[in-house]
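Numbering (our numbering), first residue to last: 1378 to 1601. Here the structure comes first, spelled out in structure tokens, and everything after it is commentary.
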DNA sequence: GCGACAG
DNA sequence: ATCTTGTCGC
């Protein structure tokens, strides 16, 4: 695939303070809009694992029609930014970009194993990558970064608003009965309702939806 | 100042 | 995230 062209590109060699300034500058660019499911042929799951001083980004692209894996990629390199709650994108995106460039084509939608809008500055990893690629993106996190939610019913598909500072920033979604929920939030160019619908549709028999689940296996184990 | 804190 | 075996339950 040709070199990736990023919108609003910026340096990744920044201090935590500069990183926060960049997030505040780009956060207003996030757009919440309906997802055109008819134009969504492929969805890419992305995940990053860390081993010592090495990071490994993995991407698995699924065809929505039959959920068949049609492409995948891995990129490994040195850790360049520490894990700082709220600044995860500066640790993972530098590894995700080169992995994306190995794909035959960019997937129509991106599903991240992280938060999107449910972030202290409303600009989590899913928002950041979505804005840079100007593509639909959503975050499906395993645990909460910010916000709280009320009781969640037991059946698969049950939801509860994730609220932070009085604002609904995401939704707790039960993707499997009897299992802790995942936390869905918009990344870019998608509505929260559509993000939840897509996540539920891609959650087959595990807590995590297929794109993210497979990407996690690929980055952690090195193979599917 | 204290506690929380995606991966 | 990562370190790690067995074990409870559908």
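All residues carry an ideal CB built from backbone N, CA and C; glycine is no exception.
query                                                                                                                                                                          : result
Rounded to a whole number of angstroms, what is the C-alpha to C-alpha distance between residue 1382 and residue 1548?                                                         : 31 Å
Evaluate residue 1556 with the Cβ neighbour count: other Cβ atoms within 10 Å of its Cβ, from every protein chain shown; 16 or more gives buried, anything less gives exposed. : exposed
Below 8 Å between beta carbons: does that hold for residue 1514 and residue 1550?                                                                                              : no
Which class does residue 1426 belong to by DSSP, given the choice of helix, strand or coil?                                                                                    : strand
Where does residue 1514 sit, in a helix, a strand or coil, going by DSSP?                                                                                                      : strand
By a C-beta neighbour count over all protein chains shown, 10 Å radius and 16 as the cutoff for buried, is residue 1601 buried or exposed?                                     : exposed
Counting only runs of 3+ residues fully inside the region 1510-1578, write out the beta strand (DSSP E) ranges in chain order.                                                 : 1514-1518, 1536-1541, 1544-1550 and 1559-1565
Helix, strand or coil, according to DSSP, for residue 1508 in the structure here?                                                                                              : helix
Would you report the Cα separation of residue 1536 and residue 1554, rounded to the nearest angstrom?                                                                          : 12 Å
Note the first and the last residue of the continuous alpha helix (DSSP H) segment covering residue 1595.                                                                      : 1587-1598
Compare the beta carbon distance of residue 1473 and residue 1425 with 8 Å and say whether it is the shorter of the two.                                                       : yes
Tell me, please, whether the region 1454-1471 touches the region 1393-1405 by the rule of three or more beta-carbon pairs shorter than 8 Å.                                    : yes
By how many angstroms is the C-alpha of residue 1486 removed from the C-alpha of residue 1385?                                                                                 : 19 Å
Cα-Cα, which of 1504, 1569 and 1544 is closest to residue 1465?                                                                                                                : 1504
Going by the beta-carbon positions, is the gap between residue 1507 and residue 1564 smaller than 8 Å?                                                                         : yes
I'd like to check one pair, residue 1575 with residue 1437: are the Cβ atoms closer than 8 Å?                                                                                  : no
Return helix, strand or coil for residue 1402, following the three-state DSSP convention.                                                                                      : helix
Since residue 1451 sits in a beta bridge, which residues does DSSP pair it with?                                                                                               : 1435
Rounding to the nearest angstrom, what Cα-Cα distance links residue 1416 and residue 1444 in this structure?                                                                   : 15 Å
Skipping 5 residues on each side, what residues in its chain have a beta carbon closer than 6 Å to that of residue 1368?                                                       : Examination of residue 1368 is not possible in this model, given that the chain is present from 1378 through 1601 alone.
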